[in-house]
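Trainee:
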Amino acid sequence: MAIVFYNTLTRKKEKFKPITPGIVKMYTCGPTVYNYAHIGNFRAYTFEDLLRRYLKFKGFKVIQVMNLTDVDDKIIKASKEKGVPIEEFTTPYKKAFFEDIETLGIEKAEFYPEATKHINEMVDIIKKLLAKGHAYKAADGSIYFKVSSFEKYGQLANLNVKEMRVGERVASDEYEKEEIRDFALWKSWKPEDGNVYWNTELGKGRPGWHIECSAMSMKYLGNHFDIHTGGVDNIFPHHENEIAQSECATGEKFVNYWLHCEHLLVNDEKMSKSLGNVIYPRELIARGVDPVVIRYTLLSTHYRQKLNFTTEKLISSASSVERLLDFYNSLDFYEDSKQTEFKNLISDTEKAFEEALDDNLNISEAMAAIFELVKEVNKHKAKKQISKTDAKNIKATLDRFDTVLNIFKMGQVKLSEEIRQLIDRRAKARKEKNWKEADRIREYLLEKGIILEDTPQGTRCKKTLIKKDFSKI
């Protein structure tokens, strides 16, 4: 079965066919590094990770570009308030972003271009737009895109362009659908910009936000590429403006498939600073939530559905992850048996998993197929009807699924040398029937987030996925 994606541009599901057979070129709107990336940002990045991993699972070579916006209105304002140059201001947030994606098991893109290092590419595009009559210079030296010059403007966001305010301009990078106006490509220097400017052929100034992504995506992926992703809040004006300026500059179609991730809510409310409900992954981890639980929570709701992020949701995710990990790890401990009837079950699960993700990344159905496998195998486990070969084959299947999910691998306990020595000391204490010492070590390790389970096959280790005293979000 071919992969089918919902394309925001056409507002329907379409069979996926890359421009170059076997290769997928994909652009992802990355963070604006004026603060740490919050859990809503990572909802989008986790969806994009699922998309990337599944395309690779299907045999495609993926070339992914994720930009870092390191100059815009918010960054200039925040760096000025702190009294430091923008590079000094943004560097810690860039570093934190890469730490966070690694913590959450997100596979790295091939390229992470930074806006400030691609000013020349932006200038080149703006010059083309001026030459073709799609842009004009205002009295203050700023350059604006002439929206009325692009007949298809509004197609992505499904807007009624006939009602737009022709001739009016908007200097701000972000604005509402009701305010369709000519937007800034180049912002001439103003005293409040301080030292943030570039001397170019366009004059002294800095780029608008929208031109940044056009320049960086086309530099690394070409004028016309396969997939562009982002959150639904990027559809307008950002992605609408990207299409307009890119296609007017090159005369080619910009992107074939537009995939957008829905909002993340916190306790049924939109996340915002004014409500005081902005959540950062590192904050959750510090409060006792394991990264694999955060990943599972962000991953397990379909990307086109709103995700309501709650304490109950995290606790439920921890329970699901624990069930999956317990099952996966138990596959190493089966005693031999002559029962070998799992070939069809494995085959059916593989088919269900793949069919679900082929259908616009239907992660809910894909996970349901895995949980059905767990249920069926556990029935036979109770009757001691699973051979070592069966267990090995089932685990191999889960490992293959995990190249897409990154739950089983990410959920494994990583033991330091100190912890290993303590486990050995406890084993020695148990052998010597020193139960007090054995219990003391067990309790100490529990405080460190390591749970020890004594079984007939030996002591198994697993980690605490969420602290019992985790307070409400």
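The numbering of the sequence shown is the numbering used here, which starts it at 93 and goes up by one.
Beta carbons are placed, not taken as given, at the ideal position from N, Cα and C, and that holds for glycine.
Bear in mind the structure is a predicted one, so any value in this text is a computation, not a measurement.
1) Applying the 10 Å Cβ sphere with the 16-neighbour rule, what's the burial state of phenylalanine 500?
2) Between which two residues does the beta strand (DSSP E) carrying glutamate 106 extend?
3) What distance in whole Å lies between the Cβ atoms of alanine 136 and phenylalanine 189, which are believed to be in contact at a cut-off of 8 Å?
4) What is the DSSP secondary structure of glutamate 449, counted as helix, strand or coil?
5) Using three-state DSSP, classify serine 280 as helix, strand or coil.
6) Nearest to asparagine 291 by CA position, among Glu206, Lys279, His302 and Trp301, is which residue?
7) Using the DSSP secondary-structure output, state which residues sit across from glutamine 156 in a beta bridge.
8) Give the secondary structure of alanine 231 by DSSP, where H, G and I count as helix, E and B as strand, and everything else as coil.
9) Helix, strand or coil for lysine 362 per DSSP?
10) Please classify valine 258 as buried or exposed, where buried requires at least 16 other C-beta atoms within 10 Å of its C-beta.
11) Restricting to Cα atoms, I'd like to know which of Glu442, Leu142, Met363 and His320 is closest to tyrosine 349.
12) Who are the Cβ neighbours of arginine 518 in its own chain at under 6 Å, not counting the five residues just before and after it?
13) Alpha carbon to alpha carbon, how far is tyrosine 372 from lysine 148? Give it in angstroms, no decimals.
14) Going along the chain, which unbroken runs of the beta strand (DSSP E) with 3 or more residues stay wholly within the segment 130 to 209?
15) Count Cβ pairs between the segment 289 to 306 and the segment 325 to 335 that sit closer than 8 Å; are there 3 or more?
16) Taking all protein chains shown into account, do 16 or more other C-beta atoms lie within 10 angstroms of the C-beta of arginine 103, making it buried, or fewer, making it exposed?
17) Looking at C-alpha atoms only, which residue of Ile377, Tyr289, Phe425 and Ala94 is the closest neighbour of proline 548?
18) Taking Cβ positions, are isoleucine 327 and histidine 352 nearer each other than 7 Å?
19) What did DSSP end up calling valine 324 once you bin it into helix, strand or coil?
20) Across which residues does DSSP place glutamate 545 in a beta bridge pair?
21) Can you look up isoleucine 462 in the DSSP assignment and give me helix, strand or coil?
22) Are the CB atoms of alanine 461 and threonine 441 nearer to each other than 7 Å?
23) Just verifying my parser: in three-state terms, what is the DSSP assignment at glycine 259?
24) With distances taken Cα to Cα, identify the nearest neighbour of phenylalanine 139 among Arg552, Pro329, His394 and Leu437.
25) Indicate the three-state DSSP secondary structure (helix, strand or coil) for threonine 403 in the structure shown.
26) Under a Cβ-count criterion, where at least 16 other Cβ atoms within 10 Å of its own Cβ denotes burial, should aspartate 216 be classed as buried or exposed?
27) Would you call lysine 93 buried or exposed, if buried means 16 or more other Cβ atoms sit within 10 Å of its Cβ?
28) Which value, in whole angstroms, describes the spacing of the CA atoms of glutamate 194 and tyrosine 119?
29) Output the distance between the C-alpha atoms of glycine 368 and isoleucine 131, rounded to the nearest integer angstrom.
30) Considering only C-alpha positions, which residue in the set Gly233, Ala231 and Asp274 is nearest to lysine 242?
31) Nearest-angstrom Cα distance between serine 563 and leucine 423?
32) Between the alpha carbons of glutamine 504 and leucine 222, how many angstroms are there, rounded?
33) If you draw a straight line from the C-alpha of asparagine 133 to the C-alpha of lysine 186, how long is it?
34) Apart from the five residues just before and just after lysine 506, which ones in its own chain have a Cβ nearer than 7 Å to its Cβ?
35) Quick one: what's leucine 356 bridged to in DSSP?
36) Starting from lysine 311, trace the alpha helix (DSSP H) both ways and give me its first and last residue.
Mentor: The structure says:
1) Buried: at least 16 other Cβ atoms inside 10 Å.
2) Here the beta strand (DSSP E) through glutamate 106 covers 104 to 107.
3) At roughly 13 Å, the Cβ-Cβ gap does not stay under 8 Å, so phenylalanine 189 and alanine 136 are not in contact.
4) The residue asked about is misnamed: residue 449 is leucine in this sequence, not glutamate. Under the three-state reduction of DSSP output, leucine 449 falls in the helix class.
5) Three-state result, serine 280: strand.
6) Distance check between asparagine 291 and each of Glu206, Lys279, His302 and Trp301 places Lys279 closest, using alpha-carbon atoms only.
7) Beta-bridge pairing links glutamine 156 to Met118.
8) In this structure, DSSP gives alanine 231 a state outside helix and strand, which the three-state scheme calls coil.
9) It is a strand residue.
10) Legend: pLDDT at valine 258 = 49, less than 50; position of this residue unreliable, value from coordinates given subsequently. The residue in question, valine 258, is exposed, as its Cβ has fewer than 16 Cβ neighbours within 10 Å.
11) Taking only the C-alpha atoms, the option nearest tyrosine 349 is His320.
12) Only residues of its own chain outside the window of five on either side were considered, and among them Ala530 and Ile533 have a CB closer than 6 Å to the CB of arginine 518, listed in chain order.
13) Rounded to whole angstroms, lysine 148 and tyrosine 372 show a C-alpha spacing of 29 Å.
14) Listed in chain order, the beta strand (DSSP E) elements of length 3 or more contained wholly in the segment 130 to 209 are 153 to 158.
15) These segments touch.
16) Exposed, because fewer than 16 other Cβ atoms sit within 10 Å of the Cβ of arginine 103.
17) The option with the nearest alpha carbon to proline 548 is Phe425.
18) Closer than 7 Å, so yes.
19) The answer is helix: DSSP assigns valine 324 an H, G or I state.
20) In DSSP, glutamate 545 forms a bridge with Arg552.
21) It is helical.
22) Result yes, Cβ atoms of alanine 461 and threonine 441 sit closer than 7 Å.
23) Residue confidence for glycine 259 is low, a pLDDT of 48 falling below 50, so the modelled location carries little weight; the figure read from the coordinates is stated next. Coil.
24) Ranked by how close their Cα comes to the Cα of phenylalanine 139, the residues Arg552, Pro329, His394 and Leu437 have His394 in first place.
25) Correct three-state label for threonine 403: helix.
26) So aspartate 216 counts as exposed.
27) Residue identity check: residue 93 is methionine in the sequence provided, not lysine. So methionine 93 ends up on the exposed side.
28) One C-alpha to the other measures close to 19 Å.
29) Each residue's alpha carbon lies about 14 Å from the other.
30) It should be pointed out that residue 242 corresponds to phenylalanine in this sequence rather than to lysine. Cα-wise, what sits closest to phenylalanine 242 is Asp274.
31) Serine 563 and leucine 423 have their C-alpha atoms spaced approximately 34 Å apart.
32) Looking at the two C-alpha atoms, the distance is approximately 56 Å.
33) If you take the alpha carbons of asparagine 133 and lysine 186, they lie about 14 Å apart.
34) Cβ within range, chain order: n/a, list empty.
35) DSSP output for leucine 356 lists Leu399 as bridge partner(s).
36) Bounds of the alpha helix (DSSP H) holding lysine 311 are 301 to 313.
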